Every structure is written in C-alpha cells, then in structure tokens.
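Below: the structure, in structure tokens.
Numbering (UniProt numbering), first residue to last: 1 to 46.
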C-alpha cells in the first residue's frame, strides 16, 4: 500500500515538472537543477 502511494506521488511530481522550451529567457541550469531535485525526491535516476 505504501509503495503504491509513493509511486503515485512520484508520478505526480514528474507530471508537474516545468517544461523547458528553449527560449532565450529560460535558464537551462535552473531548470536542470529543479528537475534533478524532483527526481531525487522521487528517488529515481534522471
């Protein structure tokens, strides 16, 4: 039961990731840092 809840939580966190569009005003380093943090919290490898 707990494993299923954690799996669902991880999926929801990944779905909510900010999208990177590659525009000049977007900071790719910050985006990568944010993505890494979410994957770390979800205990997955990026």
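Note that the Cβ used here is the ideal one computed from N, Cα and C, for glycine as well. All figures in this text were calculated on a predicted structure; none of them were measured in a lab.
Residue i CB to nearest heavy atom of the ligand FMN below 6 Å
i	result
residue 8	In the structure shown, the ligand FMN is absent, as is every other ligand, since no ligand is present at all.
Coarse secondary structure for residue i, derived from DSSP in three states
i	result
residue 45	Low per-residue confidence applies at residue 45: pLDDT is 48, beneath 50, and the placement is therefore not dependable enough to give any value.
residue 32	helix
residue 26	coil
residue 17	coil
Beta carbon of residue i nearer than 7 Å to that of residue j
i	j	result
residue 38	residue 13	yes
residue 29	residue 17	no
Neighbourhood of residue i by C-beta, 7 Å cutoff - its chain only, sequence neighbours within 5 removed
i	result
residue 41	13
residue 31	18 and 20
Cut-off 6 Å between Cβ atoms - residues of its own chain near residue i, not counting five sequence neighbours on either side
i	result
residue 45	Here the model assigns residue 45 a pLDDT of 48, short of 50, so the residue's position is not dependable, and the following value carries that caveat. Around residue 45: no qualifying Cβ.
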